[in-house]
C-alpha cells in the first residue's frame, strides 16, 4: 500500500547551483548527497517536512536523466511514493495492467525501489520505494 | 517558513481518466473535485499520506495548463509547499531575488497561494500555499 509522497525528483544541470535555489533560497534542509554510479547521477536530498526533494545531476548525457536534461533543461522528473511492501505493490500494479520499467524491486537511494512506466501514467514517472533500515 | 510538500500538481487530458490511474490503480484516496473557473481548470485532489496529488484538466487550450497539456501531453506540472505565512515567504523570496508570478497572495484551491516563476527555479513551477480554515 502506498503511504505518502516519499520524494519529488528534480533534474538540475548542476547540483551546487540546484542547492543554491532549493536550500539557500527556499530554505529546505540539506540531508545528504551521493554519487550513484550505476544510475549515472549525483543526487542530493533535502527535507521538506517529512517528504524530500531529490536533486539529480546526470553524470552522462546518455542516461535517462541526461536525456531529460537535454530535452527539457531540467525540471520535475518523478514522484516517489513510500510503499510498505514494494514487491506486493508492483505485483498489484502488474495485475492492474500498469506497464513497469523495473520488473522487480532493486536497491536505490530511497531503499528498495521500482519505477512504473510513464506510458502507463500519461507522462508521469512514478517510483515506489520501501525504505531500508541502515 | 515552508513546512512540507502540500501537493504535487499533475496535468491530465481528462479528469476521469486521470482518476482511473491515480485513484483506481495506485489506490490514492479521492478527496474532492472542483471547477475553478478563474484558473480555467477542473481539479481533483487525492490524499497521499498527508500530502496530495492535484489533478488538473484544462478548460481551455489557451491558459497555462492548456498550453502545458498541448506541449507535453500532460505530466508533472508543479510542486506546492505549505507555508505558515505566505505573505512573509514571498517577501523573503523577493528579497532573495527570486522572480515571482504572483506579486501578492491570492485565493486558490489550497488556500492563500502564490507561484514563483519557473525561470527562477530552472524550470520547476513552485507554489506556496497557506491553508485557510473553511
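Chains as they are written, first to last, in our numbering: chain U, 1 to 134; chain P, 135 to 268. Even glycine gets a Cβ: it sits at the ideal position worked out from N, Cα and C.
Taking 8 Å as the cut-off, the beta carbon of residue 183(P) is found closer than this to the beta carbon of residue 5(U). The Cβ atoms of residue 254(P) and residue 237(P) do not sit closer than 8 Å to each other. Remark: C-beta atoms of residue 136(P) and residue 116(U) do not approach each other more closely than 8 Å. Within the region 11 to 61 of chain U, the runs of alpha helix (DSSP H) that reach at least 4 residues and sit entirely inside it are, in chain order, 15 to 19. Chain-order list of chain P residues neighbouring residue 1(U): 161, by C-beta distance under 8 Å.
At a beta-carbon threshold of 8 Å, the residues of chain P lying near residue 4(U) are 182, 183, 184, 185, ordered along the chain. Residues of chain P with a Cβ closer than 7 Å to the Cβ of residue 96(U) are, in chain order, 159.
Within chain U, the C-beta atoms nearer than 7 Å to that of residue 146(P) come from 122, in chain order.
The alpha carbon of residue 179(P) has as its nearest neighbour, out of 220(P), 141(P), 221(P), 261(P), the alpha carbon of 141(P). For residue 260(P), the enclosing beta strand (DSSP E) covers residues 259 to 264. Taking a Cβ-Cβ cut-off of 8 Å, residue 199(P) has no neighbours in chain U, whose nearest Cβ is about 14 Å from it.
Distances from the CA of residue 211(P) to each of 122(U), 132(U), 62(U), 133(U) were compared; the closest alpha carbon is that of 122(U). Interface with chain U (8 Å Cβ-Cβ cutoff): residue 176(P) is excluded. One thing to note: residue 59(U) has its Cβ no nearer than 8 Å to the Cβ of residue 12(U).
Of the residues assessed, residue 9(U) falls on the buried side of the cut-off, its CB having 16 or more other CB atoms within 10 angstroms. Residue contact check for residue 86(U) against chain P: no CB pair falls below 8 Å. When C-beta distances to chain P are compared with 7 Å, every residue of the region 100 to 120 of chain U stays at or above that value.
For residue 133(U), there is no enclosing beta strand (DSSP E), as DSSP gives it neither H nor E.
The distance from the Cβ of residue 105(U) to that of residue 95(U) is about 16 Å, inconsistent with a contact at the 8 Å cut-off.
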